[in-house]
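K.L.:
In case it helps, this note's numbering puts the sequence shown at residues 3 to 576. In this text, a Cβ means the ideal position worked out from N, Cα and C, and glycines have one as well. Here the structure is a predicted model, which means the values were calculated and not measured.
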Amino acid sequence: MVKVANDPALPEGDLPAAGRSGEPEPEVSGISLRLIAGLAATAHGVVRADPARLDVSVDSTTPLRSALRDDAPARLTHRLVLADAAALAEEDGDTASLADTAAALDTAGAAGLVVSGLSGKPLAALVKAADATGLPLIDVPLDHIATFTTDVLSAMLEHQTAILRRLEDADRALVQIVLAGGSLDDLCEQVVGFLDGAVMVTTTDGRVIARAGSQRELDHALSLECFDRTGRLLTEAEPMGPRPDGPTANRSAVRIVAGHLDHGVLMAFCSHRHLTVDDVRLLERAATVAALAITKDQAVSAVESKYRAEFLRDALAGRAGSPVDAVAHASSLGWDIDRPMVVVVAETDEDDDRSTRDADEVRFLQQRFARAWTHAVAVRDSRSPVMGFSREVVALIGVPSGAETDQVMRIVGEYVRVVRGDGGGGRRSFSAGVSRAITSVAGLPQAYDEALSAVTVGRQMHGDGATTHVDGLGIYRLLALIPDGADLRRFVAESLRELATDDSPEYAGLRQTLSILIDTNMNVAETARLLFFHYNTLRYRIGKLEKILGPFTTDPDLRLTLALALKIHQMRGI
């Protein structure tokens, strides 16, 4: 039995870190090449470009001499290259050199090339080279190039100033929410005001814990293929950060990170437009503030959980005082335990003592498992106690008075279904045990023992992921009280002899025949019908079994021994 009274205190949270740890913060985006093309037309220039390439963002300009330096190509993305006749002449100015220049700029990712003072054959050769590579080419008359360049730089400056002002406003508003004690829902609401769509915060495995936006935008978001049928965001399949134009460009996700801990995902959706790099930048700022809010909430929750956990430990151990005092104390903590309820114990199936994970990761995963149960229970019955301990989660689930076992298991099964989801997003498999219903706090210690037995023995009976009621354990409950698995294995080997092994392919079939014979109280005809055997074939198998095991058909004590041995043989993990 797990002793929850020895659980350590929850660790303190780390300070929040940037949403993309270890990476430089992206620069503010620029203006589109399409806008620059419009300015060129105003300056009596000529634009030669594929319309699809006019949507590229331009955040700065650079002269041709700098662009062709050996170390420059890696920095030409989103840059507009400026060249005049003199600069092109320095590159020899012949047809081959112009073609090489256009190819080099296009390969380096330049947004486009602006030329002035070029005419005749050199211009024709450059146009041909640009057409061949797809590099956008803007030809501006020499007497208008100064005005054009000033207009482009002014447009960039105005755009980037507006973006920085927007980010600063967002920072100020989001931080104020945290300082004022606002919730994650409040933070999502503020982000929606900047992005005009829907915003959600999810756990690392995709459970939505906060959301904001119009109902139309929220419905549109939840209808997307990035959510499964249970409403879980498929975080394991969603890329983080900006997205290229395409079917998923109307949504974007960033991680909420504090120190080395991943607290979840902040995701924005917009049904009527694509989200830009600047939108993602704002989303990353919001994720940093969300990390601060979550860390603060966890610190407060750790203090509150300490008192709640201590009370629940005492109640489960029968040390919470009189039932009246215990009910009053629970009510002060926001819990209602003065009603019919069952104790549910949930344990992850992975053996953390033998895990290759380090202690911090194991603790983090257990805390995440506890938060999943807390969230699932709070949504359906906010006054039901639920606490996570070092090895398990314990919940006291309210049930209708006089509820039958099947009804109780349906209620508990709904909680299990919500916590388990589809198993994706890094969720760990777990088993759950359910006690008999109790009507008084005085019954908590026994109910807790029943739930512990149910989760342990249920896993041995049915394997990982089992949800078992204590009334479904039968004889297995007594067998589980034997602490030494070696004793049980020795009993099976001595009772079933070679049938305890699978050394021969027929042994499994003989065990099945023996089990059904005992279940039918040695009714040969009924056993033959269930096994689809001819009567004489079954008589032959019974004779073979008696040669191995002894006269079990006439010895009731031997039959009892064999029945117990078969039950133990079916148990896992002994």
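Determine the DSSP secondary structure at Ile147, reduced to helix, strand or coil.
P.N.:
Your numbering for residue 147 matches position 145 in the sequence shown. If DSSP states are grouped into helix, strand and coil, Ile147 belongs with the helices.
K.L.:
On the DSSP bridge assignment, give the partners of His571 in chain order.
P.N.:
Sequence index remark: in the sequence shown, residue 571 carries index 569 (1-based). In the DSSP output, where bridge partners are listed per residue, His571 has none listed.
K.L.:
Rank Thr458, Asp52, Asp102, Ile165 by C-alpha distance to the C-alpha of Val436 and give the top, closest one.
P.N.:
On the sequence shown, position 434 is the one that residue 436 refers to. It is Thr458 whose Cα lies nearest to the Cα of Val436.
K.L.:
Whose C-beta lies closer than 6 Å to the C-beta of Leu220 among residues of the same chain, with five residues either side of it excluded?
P.N.:
Residue mapping note: residue 220 aligns to position 218 of the sequence shown, counting from 1. The answer, listed in chain order, is Ala200.
K.L.:
Within the same chain, show all residues whose beta-carbon is closer than 6 Å to that of Met614, passing over the 5 residues directly before and after it, in chain order.
P.N.:
Examination of residue 614 is not possible in this model, given that the chain is present from 3 through 576 alone.
K.L.:
Taking DSSP's pairing of strands, which residues face Pro65 in a bridge?
P.N.:
By 1-based counting over the sequence shown, the position of residue 65 is 63. Pro65 pairs with Leu84.
K.L.:
Between which two residues does the alpha helix (DSSP H) harbouring Ala223 extend?
P.N.:
Locating residue 223 in the sequence shown gives position 221, counting from the first residue. First-last of the alpha helix (DSSP H) with Ala223: 217–224.
K.L.:
Can you tell me which residues form a DSSP beta bridge with Gly545?
P.N.:
In the sequence shown, residue 545 corresponds to position 543, counting from 1. Answer is none; Gly545 lacks a bridge partner.
K.L.:
Check whether the Cβ atoms of Val2 and Leu84 lie closer than 8 Å to each other.
P.N.:
The question about residue 2 has no answer here: the residues shown for the chain are numbered 3 through 576.
K.L.:
CA-CA distance, Leu314 and Met389?
P.N.:
One-based indexing of the sequence shown puts residue 314 at position 312. One-based indexing of the sequence shown puts residue 389 at position 387. If I take the Cα positions, the gap works out to 8 Å.
K.L.:
Is DSSP giving Glu452 helix, strand or coil here?
P.N.:
Looking up residue 452 in the sequence shown gives position 450. In the structure shown, Glu452 sits in a helix (DSSP, three-state: H, G or I).
K.L.:
Based on the DSSP secondary-structure assignment, which residues constitute the bridge partners of Arg253?
P.N.:
Your numbering for residue 253 matches position 251 in the sequence shown. Bridge partners of Arg253: Phe271.
K.L.:
On the premise that Val418 lies in contact with Ala434, defined as a C-beta separation below 8 Å, what is that separation, rounded to the nearest angstrom?
P.N.:
In the sequence shown, the residue the question calls residue 434 occupies position 432. In the sequence shown, the residue the question calls residue 418 occupies position 416. Confirmed, Cβ separation roughly 6 Å.
K.L.:
From the DSSP output, read off the bridge partner residues of Phe432.
P.N.:
Taking the sequence shown and counting its residues from 1, the one referred to as residue 432 is at position 430. Thr350, per the DSSP bridge assignment.
K.L.:
Between Ser506 and Leu498, what straight-line distance do the alpha-carbon atoms span, to the nearest angstrom?
P.N.:
Your numbering for residue 506 matches position 504 in the sequence shown. Your numbering for residue 498 matches position 496 in the sequence shown. Looking at the two C-alpha atoms, the distance is approximately 14 Å.
K.L.:
Identify which residue in Arg55, Leu78, Arg50 has its Cα closest to the Cα of Thr63.
P.N.:
Here residue 63 refers to the residue found at position 61 when the sequence shown is read from its first residue. If we check each option's Cα against that of Thr63, Leu78 comes out closest.
K.L.:
I'd like to know whether the C-beta of Ser273 is nearer than 8 Å to at least one C-beta of chain B.
P.N.:
Checking the listed chains, one finds no chain B in this structure; it contains a single protein chain.
K.L.:
Is it the case that the Cβ atoms of Ala397 and Pro387 are separated by a distance below 8 Å?
P.N.:
For this step, residue 397 is matched to residue 395 along the sequence shown. For this step, residue 387 is matched to residue 385 along the sequence shown. Contact flag set, yes.
K.L.:
Just to check my reading of the structure: Asp355 and Ser431 have Cβ atoms closer than 8 Å, yes? What is that Cβ distance to the nearest angstrom?
P.N.:
As a working mapping, residue 355 is identified with position 353 in the sequence shown. As a working mapping, residue 431 is identified with position 429 in the sequence shown. That pair is no contact at about 17 Å.
K.L.:
In chain order, what residues of the same chain have a beta carbon less than 6 Å from the beta carbon of Tyr478, not counting five sequence neighbours either side?
P.N.:
Along the sequence shown, read from residue 1 onward, the residue named residue 478 stands at position 476. The answer, listed in chain order, is Val459, Met463.
K.L.:
In this structure, how does DSSP classify Gly266 when only helix, strand and coil are distinguished?
P.N.:
Translated into the one-based positions of the sequence shown, residue 266 becomes position 264. Three-state DSSP puts Gly266 in a strand.
K.L.:
What does the Cβ neighbour count give for Ile484, buried or exposed, with the cut at 16 atoms within 10 Å?
P.N.:
Here residue 484 is taken as the residue at index 482 of the sequence shown, counted from 1. Its Cβ having fewer than 16 others within 10 Å, Ile484 is exposed.
K.L.:
If you compare alpha carbons, which of Leu263, Ala113, Val194 is closest to Gln300?
P.N.:
Here the question's residue 300 lines up with position 298 in the sequence shown. When each option's Cα is compared against that of Gln300, the closest is Leu263.
K.L.:
Whose C-alpha, out of Asp86, Leu226, Pro143, Leu37, is nearest the C-alpha of Asp153?
P.N.:
What you label residue 153 is simply residue 151 of the sequence shown in a count that begins at 1. Comparing Cα positions, the closest option is Leu37.
K.L.:
Give the C-beta separation of His146 and Ala270 to the nearest angstrom, bearing in mind that I take them to be a contact with Cβ-Cβ under 8 Å.
P.N.:
Walking along the sequence shown from the start, residue 146 turns up at place 144. Walking along the sequence shown from the start, residue 270 turns up at place 268. With a Cβ gap of about 41 Å, His146 and Ala270 do not count as contacting.
K.L.:
In chain order, what residues of the same chain lie with their CB nearer than 6 Å to the CB of Ala332, ignoring the 5 residues before and after it?
P.N.:
Within the sequence shown, the letter at position 330 stands for residue 332. If we look at Ala332 and ignore the five residues flanking it on each side, its Cβ neighbours are Ile339.
K.L.:
Does DSSP classify Ala45 as helix, strand or coil?
P.N.:
By 1-based counting over the sequence shown, the position of residue 45 is 43. Coil.
K.L.:
Does His161 come out as helix, strand or coil in the three-state DSSP assignment?
P.N.:
Your numbering for residue 161 matches position 159 in the sequence shown. Reduced to three states, the DSSP call for His161 is helix.
K.L.:
For the beta strand (DSSP E) that Thr503 lies in, which residues bound it at each end?
P.N.:
The residue labelled residue 503 in the question sits at position 501 within the sequence shown. Note, Thr503: premise wrong, no beta strand (DSSP E); not H, not E.
K.L.:
Counting Cβ pairs closer than 8 Å, one from the region 506–526 and one from the region 551–571, do we hit at least three?
P.N.:
Flag = yes, the region 506–526 and the region 551–571 touch.
K.L.:
Closer than 8 Å by C-beta to Ala510: which residues in its own chain qualify, once you throw out the five before and the five after it? Chain order, please.
P.N.:
Start at 1 with the first residue of the sequence shown, and residue 510 comes out as number 508. Counting only Cβ-Cβ distances below 8 Å, and skipping sequence neighbours, we find Asp504.
K.L.:
Determine the DSSP secondary structure at Leu115, reduced to helix, strand or coil.
P.N.:
Taking the first residue of the sequence shown as position 1, residue 115 is located at position 113. It is a strand residue.
K.L.:
I believe Val347 touches Glu394 by the beta-carbon criterion, under 8 Å. Please report the beta-carbon distance rounded to the nearest angstrom.
P.N.:
Here residue 347 refers to the residue found at position 345 of the sequence shown. Here residue 394 refers to the residue found at position 392 of the sequence shown. So it is a contact: roughly 5 Å between Cβ atoms.
K.L.:
Provide the residue(s) that pair with Leu367 in DSSP beta bridges, ordered along the chain.
P.N.:
Within the sequence shown, the letter at position 365 stands for residue 367. BP columns for Leu367 are empty, so no partner.
K.L.:
Find the nearest neighbour of Ser121 within the set Thr135, Val48, Arg71, Ala113, judged by alpha-carbon distance.
P.N.:
Numbered from 1 along the sequence shown, position 119 holds the residue referred to as residue 121. The candidate whose alpha carbon is nearest that of Ser121 is Val48.
K.L.:
How would you call Gly32, buried or exposed, if buried means at least 16 neighbouring beta carbons within 10 angstroms?
P.N.:
Locating residue 32 in the sequence shown gives position 30, counting from the first residue. Gly32 is buried by the Cβ-count criterion.
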